[in-house]
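Chains C and V are the protein sequences, given in the same order.
For the first sequence, my numbering assigns the number 301 to the initial residue and increments by one for each residue that follows.
For the second sequence, my numbering assigns the number 258 to the initial residue and increments by one for each residue that follows.
Take a look at the structure set out below.
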Amino acid sequence: MKLPKRDTGALEYVLTERVVLLVALLAVVLVWFKVLEGGQYLVAPFDAGYLASALESMVPLCLLALAELLVIVSGRGGIDLSVGSVVSLAGMAFGFMVGLWGWPLLPAAVGAVLVGGVLGAVNGFLTAYLRFPPLIATLATYYAYSSIAMVSNDKAPISTKPVQDLSALTDGVKLPLLPAIPLQVFTFLMPCLVIVWLVLTRSTYGRKLYAVGTNDVAATFATLSVPRVRLSAYVGSGLLAGVAAVVTVAQFASARPDAGTVGNGMALPAITIAVLGGVAIQGGIGTVGGVFVAALLVTWLNAGLLLAFEDSKGSQYQLLALGVVLILSALLNTLTLRRYGRIT
Amino acid sequence: MRRPAARAIEGQELALVGVLAVLWLVLGLTTDTFFTAGNLGAILFNVAPIALIGIGMTAVIVTAGIDVSVGSAVAVVMVIVAKLIHDGGTPMPVAVLVALGVGALLGLVNGGLVAYGRIHPIIVTFATLNIFRFVALQIFDGRQVTGIPDTLGFFGGGGEGRLLGVPNAWLLAVVLAAIMWFYMRAWPTGRHLYAIGGDAQAARLAGVRVRRRQLFAYVLTGALVGLAGCVFIGTGGLVIQNAGEGLELQVIAAVVIGGTSIVGGRGTVLGTMLGALLVGTVTSAVTLLGWPSELTTLFVGVFILVAVGVDLLRARRRGTL
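Here you go:
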C-alpha cells in the first residue's frame, strides 16, 4: 500500500472525512431545493414539515444500509442481495404472529427480528463456513426467501385488525420547536444506529470485524476466528433487516409478501447508500456516521425530486439520481483510496 | 488424468445433462403433456432470451465481472424498437440492427466504466440498472406500447418463428453459443478472457490487453441483450413498462448453475445453455404440476446453491481452494 501523502491538507480532509463531504452535499441539496421553491418550480413547499415526514421512508432504507455496512466491511466480496427478501419473509412472519396468531406486539416484534437473524445466519454459514462467494449465496437465498414469503400465505397480504392497528407505530412525535418527526425514527432507527455504532467503534468485536475485512490472512495469524466473525456480520445484517421488516409492516399497515422485493427491491438503494456513505466494496472500510448522513442525503434528494416533477416523473428521476450518485461515489471512493489510502 | 475424449465436456456439464435427463424422465412419466411438441417448443422459446444473454454473461463472469443491468437494458431496447416499428413502420432487418446497436451502446457504457473507470462491476451495473430503467421510462412517455405489428415474426414463438417445430430464437442461441464456445476455447483472445478472470494483473504482464477484453465482454452482452429484446417483442404486440425486471437474476442463475465460477477464470457457454434449459424445465414443471409459480424461484435458488456447492467441493479436492 502507498504511504499517505500529506501535501494537500484541505482537499485530503474533505475527501477522506466522508461525513464532512456528505454534510456539505446535504447543504447543497437543501439550498438548491429551497431556491427552486422560491422560484415556484416545486409543486409543494419544501419545508421543515415535509423534510421531517420524509424521514419515514428513510427508516427502513437506513436500517438496510447499516446491514450492508456490516457485511461489506467483513470483506472477501461481502454483500447481501437478500436483505429485501428477508424484509418480505420476516415481515410475513411478523404478520402471522401479530395478525393471525394473536401474539402481543413486543414478543412478535422480537420474534420477527430473530427470524431475520436466522435467515442472516443461513447466509453467513454459506459464505463464512462453506466459502460460497457472498454474491452467489445471497442471490440464491434472495430467490429462496422471496419464494417462501410468497407461498407462506398463498400470495395474499396479511392485514387483519391487529396488523392495521400497527400504523399507530408510525405516528408523528411533536417536539418543541421542531415539526412532527415520525415515531419510528426514535423507536427503531436511533437505537439501531447507536447499537451498531457502539459495536463497531467501542467493542473488541468491532475491531475484529474491521481486521477480518481488511486482511483475513493477517487476521487468521492474529488468532482471530475469521469464519465466526464473518458469520456474525451476516447475522447482524439479518437482524437489522428483521427490524426493517417490522417497520415496513407498520408503515403499510399490512404484511405484504413482496414488501422488500417489488420492483428493483430494497437491496439496491441500501447498497447505494452504503457506498455513498464511504463503505469501500473491497472491505474493511466504512462508518455508521457516513451511512447515516448518506441515507439522509438520499432521502431528502428523493423527497425534493418528487416535488420538482409532476406525477410519476419525480420517481423516474429518483432512479437516475440513485444511479448517478452511486457511480460518482464509487469513483470518489476509488480515487480517495488510491490517493490517501483511507476513508473515515 | 482426464481422458482426451472427455475434455470437450466438463464435469459440471455432464452432471447437468444427467440432472436434466432425470428431470425429463420423471416429468414425462408423471405428466401427459410434458413431451408434447407444443410444450417442448414453449420451453425452448422461453429459455431463448436467457440463453442468448447468458452467452455474453458467461464471458463477463469468466473475466470476474458481473452485469446486473441486463433487465433494464432489455427494457430500453424493447421500447425503442417497439416505438420504431409502431410509429415509423421500420422494416424488421433495420429494427434488429437498431436493437443490436442500442444494446451494444448500453454495454459500452457498462464496459467503459468497469474497464476504464475502474469501478467494481457490481457497483457499475447496479447503478446503470437504475439509469437504464430511467431512460426506458422516459422513452415510454406513457404506460406501455401496444399494437406493434407482427414484423418480428421471425423471432416470435408462433408458426412463422419456427423451423421444423423448433423456435428460431432457440436455434439462433445454439448457433451463437457454438461460435462463442469455439472462441473462448480455441481463439487466443478468447482464452484471454479466462486469463483475466484468473489473475488480471498476471494477464496484463503477460501481454493481454485486459481493458479491451473486458470492454468486449460487456459490449457483447449488450448486443445479445438487443437480440433478446427482439425475441421478447416477437412474442406479442405489447411492451410494458416493467419489461425485463428480474431478468438479470435468471441469466446469472443460468450461468452459475452451468458451472461458471463467479470469481472468474472458469466456465463454459455450453454449461450456461444447459443451465438455462434447467431453469426453463423447472419453470415448465412447476406449471404442469399445478404448483404455485412462485415456487420456481425457490427451486432456482436451491439449484444455484447445489451447483456452486458441488463446484466448491471439487475445487477443494483439486486443492485449488
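Backbone N, C-alpha and C define an ideal beta-carbon position, used for all residues, glycine too.
Owing to the predicted nature of the structure, the values given are computational and were not obtained by experimental measurement.
Proximity test, Cβ basis, 7 angstroms: residue i and chain C
| i | result |
| --- | --- |
| ILE380 (chain V) | yes |
| GLU551 (chain V) | yes |
| GLY558 (chain V) | yes |
| LEU546 (chain V) | no |
| PHE391 (chain V) | yes |
| ALA384 (chain V) | yes |
| THR554 (chain V) | yes |
| ASN367 (chain V) | no |
| ASN303 (chain V) | no |
| LEU472 (chain V) | no |
| PRO261 (chain V) | Because the pLDDT of PRO261 (chain V) is 43, which lies under 50, any placement of that residue in the model is unreliable, and the question is left without a value. |
| LEU562 (chain V) | yes |
C-beta contact flag for residue i and residue j at 7 angstroms
| i | j | result |
| --- | --- | --- |
| GLY604 (chain C) | PHE333 (chain C) | yes |
| MET397 (chain C) | GLY411 (chain C) | yes |
| TRP427 (chain V) | ALA305 (chain V) | yes |
| TYR451 (chain V) | GLY515 (chain V) | no |
| ALA449 (chain C) | SER357 (chain C) | no |
| SER452 (chain C) | THR561 (chain C) | no |
| GLY584 (chain C) | TYR510 (chain C) | yes |
| GLN401 (chain V) | ILE497 (chain V) | yes |
| GLN464 (chain C) | VAL359 (chain C) | no |
| TYR445 (chain C) | VAL557 (chain V) | no |
| LEU364 (chain C) | ALA580 (chain C) | no |
| LEU504 (chain V) | VAL327 (chain V) | yes |
| TRP438 (chain V) | LEU527 (chain V) | yes |
| ALA645 (chain C) | LEU607 (chain C) | No answer is possible for residue 645 (chain C): the residues shown for chain C start at 301 and end at 644. |
| PRO378 (chain V) | ILE323 (chain V) | yes |
| PRO433 (chain C) | VAL319 (chain V) | no |
| ALA474 (chain V) | VAL467 (chain V) | no |
| GLY486 (chain V) | VAL366 (chain V) | no |
| ILE396 (chain V) | ALA630 (chain C) | no |
| VAL476 (chain V) | LEU386 (chain V) | no |
| PHE411 (chain V) | VAL488 (chain V) | no |
| LEU531 (chain V) | LEU273 (chain V) | yes |
| VAL547 (chain C) | PHE488 (chain C) | yes |
| ALA405 (chain V) | HIS343 (chain V) | The amino acid at residue 405 (chain V) is misidentified as Ala; the sequence shows Ile. The answer is yes: Cβ separation under 7 angstroms. |
| VAL535 (chain C) | GLY641 (chain C) | no |
| VAL543 (chain V) | THR553 (chain V) | yes |
Nearest-angstrom Cβ-Cβ length linking residue i and residue j, presumed shorter than 8 angstroms
| i | j | result |
| --- | --- | --- |
| LEU433 (chain V) | GLY369 (chain V) | Not confirmed; about 24 angstroms, so no contact. |
| LEU539 (chain C) | VAL413 (chain C) | 6 angstroms |
| PRO557 (chain C) | PRO462 (chain C) | At roughly 18 angstroms, the Cβ-Cβ gap does not stay under 8 angstroms, so PRO557 (chain C) and PRO462 (chain C) are not in contact. |
| VAL482 (chain V) | VAL334 (chain V) | 6 angstroms |
| THR579 (chain V) | GLY494 (chain V) | Residue 579 (chain V) falls outside the range modelled here, since chain V spans only 258 to 578, and no answer is possible. |
| PRO482 (chain C) | THR470 (chain C) | 6 angstroms |
| VAL314 (chain C) | VAL320 (chain C) | 6 angstroms |
| ALA511 (chain V) | THR525 (chain V) | No, ALA511 (chain V) and THR525 (chain V) are not in contact; Cβ-Cβ is about 13 angstroms, not under 8 angstroms. |
| THR540 (chain V) | ASN296 (chain V) | About 11 angstroms separates the two Cβ atoms, so there is no contact after all. |
| VAL526 (chain C) | VAL512 (chain C) | 5 angstroms |
| VAL276 (chain V) | LEU535 (chain V) | 7 angstroms |
| LEU439 (chain C) | LEU381 (chain C) | 5 angstroms |
| GLU551 (chain V) | SER447 (chain C) | 5 angstroms |
Near the ligand NAD: residue i beta-carbon under 6 angstroms from a heavy atom
| i | result |
| --- | --- |
| GLY313 (chain V) | No copy of the ligand NAD occurs in the structure displayed, which carries no ligand at all. |
Proximity test, Cβ basis, 7 angstroms: residue i and chain V
| i | result |
| --- | --- |
| GLN551 (chain C) | no |
| MET358 (chain C) | no |
| SER374 (chain C) | no |
| VAL451 (chain C) | yes |
| SER447 (chain C) | yes |
| PHE396 (chain C) | no |
| TYR443 (chain C) | yes |
| ALA440 (chain C) | yes |
| GLY623 (chain C) | yes |
| ILE670 (chain C) | This structure does not reach residue 670 (chain C), given that chain C is present from 301 up to 644, and the question cannot be answered. |
| ILE581 (chain C) | yes |
| PHE425 (chain C) | no |
Below-7 angstroms beta-carbon distance, residue i vs any chain D residue
| i | result |
| --- | --- |
| LEU321 (chain C) | Any reference to chain D falls outside this structure, whose protein chains are C and V. |
Counting beta carbon pairs with one atom in the segment 362-374 of chain C and one in the segment 573-593 of chain C, are three or more of them shorter than 8 angstroms? Yes, since at least three Cβ pairs between the segment 573-593 of chain C and the segment 362-374 of chain C fall closer than 8 angstroms, the two stretches touch.
Is the segment 589-607 of chain C touching the segment 381-392 of chain C, taking contact as three or more C-beta pairs under 8 angstroms? Too few Cβ pairs lie closer than 8 angstroms, so no.
Report yes or no: do the segment 371-380 of chain C and the segment 417-437 of chain C share at least 3 C-beta pairs separated by less than 8 angstroms? Yes, the segment 371-380 of chain C touches the segment 417-437 of chain C.
Taking one C-beta from the segment 346-362 of chain V and one from the segment 282-295 of chain V each time, how about it: are there three or more such pairs within less than 8 angstroms? Contact fails: fewer than three Cβ-Cβ distances are below 8 angstroms.
Could I get the ranges of all uninterrupted alpha helix (DSSP H) runs contained in the segment 391-454 of chain V, with 4 residues as the minimum, in chain order? Those alpha helix (DSSP H) runs which fall completely within the segment 391-454 of chain V and span 4+ residues are 425-443.
Does the count of Cβ pairs from the segment 387-397 of chain V and the segment 621-628 of chain C closer than 8 angstroms reach three? Short answer: they touch.
Determine, using beta-carbon pairs with one atom in the segment 527-546 of chain C and one in the segment 337-355 of chain C, whether at least three such pairs fall under 8 angstroms. Contact fails: fewer than three Cβ-Cβ distances are below 8 angstroms.
Within the segment 566-620 of chain C, ranges of the alpha helix (DSSP H) (whole runs, at least 4 residues): Within the segment 566-620 of chain C, the complete alpha helix (DSSP H) runs of at least 4 residues fall at 567-576, 588-608.
Ignoring anything shorter than 4 residues, give me the alpha helix (DSSP H) runs that lie fully in the segment 480-521 of chain C, in order along the chain. Whole alpha helix (DSSP H) segments, 4+ residues: 490-502, 504-514, 516-521.
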